[in-house]
Structure formats: C-alpha cells, structure tokens
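Counting along the sequence shown from 1, when you hit position 537 you're at 537 in UniProt numbering, and nothing is skipped either side. All residues carry an ideal CB built from backbone N, CA and C; glycine is no exception. All figures in this text were calculated on a predicted structure; none of them were measured in a lab. Okay, structure first, notes after.
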Amino acid sequence: MSDAQPPLWQRLVWYACGALVLLLLPVLKYAELWQTLPRTQKLALAVALGAFGAACLLSLFMDRLASWSTAGKALIRSFAVLSLFLIAAVTVSISLPRFMLIPLVVAIALIVPLAISPLGLRRLPLAVVVVIAGMTAAYSFGHLNMSAQVERTTREVYFSTAFYPLHATIREGWIPEPATRGGGLTMIGDRALLGTGDGHLYLIDAPGADFKVTELPTQVPANREEFAKAFGGSARQPKRSKDWREAGPPRVQTWRFRVADVIARIEGDQVQLFASHHYWNAKDECFVARVSELTAPLASFEQSVADAKWSTLFETTPCVPLEGPDRKRGKNPFRGEEIGGEMLLLEGNKLLLTVGDSGFAGIESNRIFAQDPAVDFGKTILIDLATREHRIFTMGHRNPQGLTRARDGKVWMTEHGEQGGDELNLLQDQANYGWPNVTYGTEYGSNVWARNPHQGRHLGYRQPTMAWVPSIGASAVATIDSKLFPVWQDNLLVGSLASRSLYRLVLVEDRVVVQEPIAFDKRVRDILQMPDGRILIWSDDWTLTLLEPATQQNGTSLFATQCLGCHSIADGMTHRLGPDLFGVLGRRVGDAQGYDEYSAAMKAQQGTWDEARLDRFLQQPAAVVPGTSMAFPGVPDARHRKALIEYLKKSEPIDKRGMVSAQ
1 MSDAQPPLWQ RLVWYACGAL VLLLLPVLKY AELWQTLPRT QKLALAVALG AFGAACLLSL
61 FMDRLASWST AGKALIRSFA VLSLFLIAAV TVSISLPRFM LIPLVVAIAL IVPLAISPLG
121 LRRLPLAVVV VIAGMTAAYS FGHLNMSAQV ERTTREVYFS TAFYPLHATI REGWIPEPAT
181 RGGGLTMIGD RALLGTGDGH LYLIDAPGAD FKVTELPTQV PANREEFAKA FGGSARQPKR
241 SKDWREAGPP RVQTWRFRVA DVIARIEGDQ VQLFASHHYW NAKDECFVAR VSELTAPLAS
301 FEQSVADAKW STLFETTPCV PLEGPDRKRG KNPFRGEEIG GEMLLLEGNK LLLTVGDSGF
361 AGIESNRIFA QDPAVDFGKT ILIDLATREH RIFTMGHRNP QGLTRARDGK VWMTEHGEQG
421 GDELNLLQDQ ANYGWPNVTY GTEYGSNVWA RNPHQGRHLG YRQPTMAWVP SIGASAVATI
481 DSKLFPVWQD NLLVGSLASR SLYRLVLVED RVVVQEPIAF DKRVRDILQM PDGRILIWSD
541 DWTLTLLEPA TQQNGTSLFA TQCLGCHSIA DGMTHRLGPD LFGVLGRRVG DAQGYDEYSA
601 AMKAQQGTWD EARLDRFLQQ PAAVVPGTSM AFPGVPDARH RKALIEYLKK SEPIDKRGMV
661 SAQ
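Here is the structure:
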C-alpha cells in the first residue's frame with residue numbers, strides 16, 4: 001500500500017532535523033562551539049554530515065511515493081552510501097569516534113526511511129519537537145558550563161605543618177578558565193599581576209581580607225591561534241585527555257603552545273613588563289621561545305597599557321621545525337610543556353631566563369639541544385636589559401620551571417626530570433648540569449635512561465643539590481624571607497604538579513637538610529611572596545590561593561593545631577597515635593573501635609563522653625584521668641574548649657592529607 005507523494009518541505013524538515021542532531025553532537029560532548037574543535041574532529045563531523053546528506057539527496061531524487069516498500073529501498077540505499085563514505089574516510093585516515101558514528105548510523109537507519117514512510121507523514125511534529133528539545137539541551141549545557149566557570153567562590157582551608165597551622169583562602173572562578181595551562185605571577189608595587197597560559201593579564205589587589213581582580217586591556221603576543229591553525233588543531237586544551245585520544249592523538253598537541261611566565265619591574269614612573277612565551281614563525285614554519293616586553297606609566301597602568309606596544313627582547317635559536325629531518329620524533333613533535341620560561345631579575349640590570357630542551361634529548365631527535373653551545377634550548381640565558389645582549393649562563397637542563405634568588409644572592413632553580421630525577425640546583429655561571437647525558441631518573445615506562453653510562457649516578461657534571469625520585473613534578477620555587485613566617489626564614493618553598501603539594505626545604509651550607517611536604521591538593525604552577533609576607537599561589541585549576549599563618553582561634557584551627565598531630569576525624573577507625581575522634585561524643589570512654597593502645601587508666605573509665613566530661617578532660621587530661629598516656633597539658637581557655645567541642649560535635653571528616661575545611 002502506498003500514499004500520495006509527500007510534500008517536499010516535509011521531507012526537507014525531516015532531513016534538517018537529522019543534520020541538526022549530528023551537528024549538536026560535539027556541543028553535547030564537549031560543551032564547546034564547533035570552531036574550537038581540533039581538525040581531526042572537524043573532519044570526522046564533515047564525513048558524518050556528508051554521508052547523511054548524500055543519503056538524503058539520493059532518496060529525495062529516487063523515492064517519490066510514501067510507502068513502506070519505498071522506505072525499505074531507501075534504507076538499503078542509504079547504508080550503501082554510508083559504506084562508501086566510511087571506506088573513503090579510512091582511505092584518507094579519517095577516523096569517526098564512537099560518539100559520532102553510532103548516531104550517524106541511527107540517523108541513516110531511521111530518518112531517511114521515515115521521511116518517505118507513511119509513519120513519517122504523521123509524526124513530523126514529533127521530530128521537530130525532539131530536535132528543538134535537543135538544541136535547547138545543548139545550549140543549556142554549554143551555558144551552564146560557562147556559568148560554572150565564571151561563578152566566583154571563596155572558601156577557607158587549614159593545613160597542619162611542622163611549625164605553623166596555615167590558613168588558606170582559596171578563590172575559585174575569579175579568573176576565567178584559560179585555554180591552556182601555564183602562566184605566572186609577579187608584583188607591580190603592592191599589587192600582584194597574573195599572566196595566564198593563554199596570555200591574558202590580570203591585576204590583583206589583595207590588601208587584608210579584600211580581593212579584587214581586574215583584567216588588563218592587553219594580551220601577551222603569543223600567536224597561539226595561528227600555531228593551532230597551522231596544524232589543524234585547537235588552541236584550547238581538551239577537557240579530558242581521553243577526549244583527544246578517542247580518534248588517536250593529534251599530530252601536534254597544539255594547545256601546549258603557551259605563555260610560561262611574567263615578571264615586572266618599576267623604573268622611575270614606568271612599569272616594564274616582560275613575558276616569556278612560544279612564538280610561531282609562519283614564514284619559516286618553526287617555533288621559538290621568546291621574551292616580549294612593554295612599558296607603560298605606573299600611575300595609569302591599568303588604562304595606558306592598552307596603548308603600549310609589545311616588542312621582542314629575546315628569542316631562542318634555532319627556530320625549531322615540526323617537520324623534516326630536524327624535527328622531534330615520537331607521538332608528539334611539539335613538547336610545549338617543556339618550554340621552561342621562568343624569569344628572574346638580577347642585579348646589574350640583568351634578566352635570567354630558563355629555556356627547556358623541548359624534548360630534543362637524543363632519544364626522539366637527532367640533535368641534543370641541552371649540550372649544544374650553539375643552541376639556546378636546554379639552557380639558562382642571561383640577558384642584559386640595557387644592551388639587549390645575551391649569553392648562556394648555565395647548560396644541561398631539561399625543563400627548568402622555577403627560579404628564586406636567596407637573600408645571600410644565590411640563585412636556586414627547580415627542574416623537571418624525566419621519570420624521576422626532578423632537581424633542585426644551585427646555579428653557577430658556566431656550569432653544566434648534565435642533561436641528557438646524566439640524570440637520576442629513567443625514561444618513561446622504563447628502568448633505565450639510555451644515555452646515562454652509569455645508571456643511578458650523575459657523574460662528570462655538576463651535581464644537583466637535591467633530586468626527587470619518584471618525580472614530584474617540580475614547578476615554581478620561592479624564597480621565604482618575610483617576618484610573617486619567622487621560623488621559615490630563608491627556607492625554599494617548592495611547588496609540585498604531580499604530587500599536588502608544596503615542599504618546604506631547609507638549607508644549611510647549600511645542602512637540603514629538611515624537606516617537609518605540605519599537602520595542597522592542587523597542581524601548583526607559580527608561587528609569589530607578597531610584600532606583607534602572605535604567599536599567593538596560582539594553580540592549574542585556575543584558582544588563586546593565599547597562605548598565611550592561622551591566627552583565628554575557631555574550632556577548626558584549634559583542632560588543626562592542638563589535636564591533628566595525634567588524632568584524626570575520618571570514620572571512627574582511622575587511628576593515629578591517638579584514636580580517631582569521629583563521633584566521639586556519645587561513645588564509651590576508652591572504647592574506639594579498632595584502637596587497642598589505650599592506657600590502663602583510660603580503659604578503667606566508665607560511662608560515655610558527653611560535653612561536660614569532655615570539657616573537664618580537655619582542661620586537665622592528667623588530673624581527670626590520672627595515668628593517661630595522653631601527653632598533652634590541656635586547653636586552659638574555656639572558649640577554646642567550647643569551640644573544640646562544637647567542632648567535634650559536627651564530626652566533620654578531615655582530609656587524610658591534613659587539610660581541614662573552615663566552617
């Protein structure tokens with residue numbers, strides 16, 4: 001049985017609905033617009049739309065009457081068209097990810113036949129409603145995703161360290177999500193300046209408890225979009241690494257093109273700002289690491305910087321190609337994350353710059369940059385700001401990401417190793433630190449480093465002051481020299497990416513004698529000591545954190561300083577030297593589940609813990625329970641005891657790494 005010929009407009013509506021569904025797939029998948037997709041995803045989407053469009057056109061010209069017989073023929077014909085497109089895609093190495101292939105098959109199997117079937121004539125309004133709902137959902141998803149990024153929140157956390165309880169004020173969403181990781185912090189007078197990995201600049205006013213962020217009307221001249229376009233990629237980092245692995249890794253991970261650091265100085269009434277970043281030479285098809293600079297009046301910096309012109313202070317040689325015999329081999333010929341790029345202003349109008357070797361270590365490349373004196377990569381470069389002349393200061397570096405100058409004038413540097421072998425180095429002019437000929441690390445996925453003739457040794461070159469095995473992902477380093485942290489005077493504070501921690505290093509005669517890990521739970525990108533001594537941290541989740549000694553005596557901070565060394569609050573069974581205090585109120589005295597180290601005096605106690613009994617015990621433990629093994633003098637202040645008991649009543653679990661959320 002067949003119906004009359006369906007109206008052309010009706011069939012076109014069906015086809016348009018299917019095409020829109022396919023177009024919505026990347027929006028629903030990534031919550032991003034189509035133009036931000038990498039080239040591989042754009043090609044896959046073009047194949048999907050082409051196959052669907054060809055099947056629709058073929059049916060439009062060959063199928064006239066609406067019947068189930070016609071619909072069956074359209075189905076067979078459509079799958080033949082799909083097969084041809086898929087074969088062509090494989091031939092030219094275009095792969096369709098599953099999230100695109102499955103809906104394409106469904107669209108061709110349902111929409112093309114339905115448009116010429118009797119059912120399709122009666123269900124057109126339903127198709128329109130479904131597509132409109134899908135478009136609304138996609139728009140809402142993307143809108144909500146963007147809203148979540150710009151929502152500003154502030155929360156407080158306390159950390160327990162050896163000498164200070166730390167109060168951390170974490171501000172999330174105050175900086176819009178950058179397109180890529182990287183960037184750094186510097187001071188301009190009493191304000192901080194943040195440069196993000198994608199080149200945006202923000203002034204940060206943080207006097208006392210106030211906090212204000214102002215985006216500057218200029219950007220670092222890193223031509224990220226031009227680089228991404230040259231390789232058909234995206235300048236925006238994927239949300240998750242598996243998103244770019246689905247169709248195989250891209251030829252060039254273009255989003256790793258970045259701004260590495262910013263640093264500023266005030267000269268008279270002018271601000272001089274420097275930024276280190278990648279730069280793509282489109283004419284010669286190669287990249288360099290560059291230091292750009294601009295100058296603007298201090299008094300009107302926020303406004304006048306818009307008219308200031310960036311100029312090039314320095315750029316590396318050679319210009320590195322991504323194709324041809326001089327390229328780096330391997331999965332990704334562009335190791336943008338190994339730019340180094342840290343900067344430090346020195347006496348004598350000098351600027352010290354670190355430059356990573358960009359993966360040219362003789363393993364995936366013919367050349368070994370770090371040991372070649374004719375190459376700037378894998379070195380630290382000393383730049384004279386007056387004459388603009390430069391020279392190699394030290395060599396033999398892989399990916400140095402931290403620089404600091406101690407009060408005695410010594411320059412310390414942190415450096416990423418391979419798998420293990422992260423280093424802290426004391427820099428000395430003309431010293432060679434050995435990479436890639438020696439390292440305490442190994443190649444990723446291996447137990448050796450092929451170029452090192454003596455595995456596990458660092459012979460023939462300047463030794464690091466300290467090496468981390470396994471790697472911590474050493475990033476920034478700062479010298480603590482403020483009166484706000486008197487016990488930390490002249491200590492180094494090192495950030496890490498891999499272990500998401502801070503490391504306090506105590507130096508004696510240029511040796512690290514103490515290393516204290518401080519759990520931070522963020523990938524630390526840069527560390528800046530503010531003029532008032534507080535420590536500002538920029539992390540890869542685009543948050544800004546201010547650290548200072550905890551002075552507020554609330555229950556949270558009191559527990560962190562008075563109790564956390566021996567007790568935890570987890571699940572009632574995660575014991576330390578003392579029992580886990582989760583749910584202690586109402587619990588039988590001397591009867592925490594799984595804890596068998598109570599003193600005989602405590603075991604002999606009867607009854608349960610209530611607020612009054614806990615208050616008496618906290619005031620004078622030894623007097624209330626003579627013979628207790630709890631070596632703690634007590635809390636004499638009644639207000640502090642009350643705050644502690646209120647905190648224990650809530651039994652808020654504490655992070656196992658020693659972090660306590662503020663109330």
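Relative to the C-alpha of D284, which residue among A260, A306 and G324 is closest? G324
Backbone secondary structure at T439 - three-state DSSP: coil
Where does M187 sit, in a helix, a strand or coil, going by DSSP? strand
Restricting to Cα atoms, I'd like to know which of D372, A467, R457 and V291 is closest to residue 664. An answer regarding residue 664 cannot be provided, because it is not within the stretch 1 to 663 covered by the chain.
Check each candidate in Q41, L110 and S475 and name the one with the smallest Cα separation from K73. L110
Here's the rule: buried if 16 or more other CB atoms are within 10 angstroms of the residue's CB, otherwise exposed. What is Q606? exposed
How far does the alpha helix (DSSP H) with W255 in it extend, from its first residue to its last? First-last for W255: undefined, no H or E at that position.
According to DSSP, is L573 part of a helix, a strand, or is it coil? Reading off the sequence, residue 573 comes out as Met, not Leu. In this structure, M573 counts as coil in the three-state DSSP scheme.
If you compare alpha carbons, which of Q41, L84 and T153 is closest to M100? Nearest of Q41, L84 and T153 to M100, Cα basis: Q41.
Could you check which residue in Q303, E342, K239 and Q270 has the C-alpha nearest to that of T186? E342
Does DSSP put K483 in a helix, in a strand, or in coil? coil
Determine the closest residue to G445 out of L427, G460 and P470, with distance taken between C-alpha atoms. P470
Give every residue of the same chain whose Cβ lies closer than 7 Å to the Cβ of A431, excluding the five residues on either side of it in the sequence, and list them in chain order. T394 and R462
Own chain, CB closer than 7 Å to D408, minus 5 neighbours either side, in chain order: Apart from sequence neighbours up to five positions away, no residue of its chain approaches D408 with a beta-carbon distance below 7 Å.
Take the Cβ of V129 as the centre, count every other Cβ of all protein chains shown within 10 Å, and call the residue buried at 16 or more, exposed below. Confidence at V129 is low in this model, with a pLDDT of 44, below 50, so the placement of that residue is unreliable and no value is reported for it.
What would DSSP say about A519, mapped onto helix, strand or coil? strand
Is DSSP giving P321 helix, strand or coil here? strand
Nonlocal neighbours in the same chain, by C-beta distance under 7 Å from residue 673, ignoring five residues either side: The first residue shown for the chain is 1 and the last is 663, placing residue 673 beyond what the model contains.
With C-beta atoms as the reference, is S276 less than 7 Å away from A260? yes
DSSP beta-bridge partners for T295? For T295, DSSP records a beta bridge to Q272.
Return helix, strand or coil for V92, following the three-state DSSP convention. coil
Identify whether E151 lies in helix, strand or coil by the three-state DSSP scheme. coil
So, T414 versus A374, is the Cβ gap smaller than 7 Å? no
W14 burial status per 10 Å Cβ neighbour count (16 or more: buried): buried
Taking all protein chains shown into account, do 16 or more other C-beta atoms lie within 10 angstroms of the C-beta of R191, making it buried, or fewer, making it exposed? buried
Quick check on the DSSP output: the alpha helix (DSSP H) that includes M413 runs from which residue to which? It is not in any alpha helix (DSSP H) - M413 instead sits in the beta strand (DSSP E) that spans V411 to H416.
Where the beta strand (DSSP E) through L385 begins and ends: Judged by DSSP secondary structure, L385 falls outside any beta strand (DSSP E); it is assigned neither H nor E.
Mapping DSSP to helix, strand and coil, what is A209? coil
Measure the beta-carbon distance from Q175 to L194 and round it to whole angstroms, keeping in mind my assumption that it falls under 8 Å. Correcting the residue type first, residue 175 is Ile in the shown sequence and not Gln. Going by Cβ atoms, the distance from I175 to L194 rounds to 7 Å, so yes, they are a contact pair.
Where W609 falls, given that 16 or more other Cβ within 10 Å makes a residue buried: buried
Kindly confirm or deny that the region 528-546 and the region 475-483 touch, where touching means at least three C-beta pairs closer than 8 Å. yes
Is L60 helix, strand or coil by DSSP? In the structure shown, L60 sits in a helix (DSSP, three-state: H, G or I).
Could you tell me the distance, in whole angstroms, from the CA atom of G460 to the CA atom of S95? So the alpha carbons of these two residues sit roughly 49 Å apart.
Within 7 Å, strictly: CB atoms of I266 and L313: With a cutoff of 7 Å on beta-carbon distance, I266 and L313 are scored as not near each other.
Please report the straight-line C-alpha distance between M602 and V584, rounded to a whole angstrom. Looking at the two C-alpha atoms, the distance is approximately 14 Å.
Compare the beta carbon distance of D540 and R152 with 7 Å and say whether it is the shorter of the two. It is not a contact, given that the beta carbons lie outside the stated cut-off.
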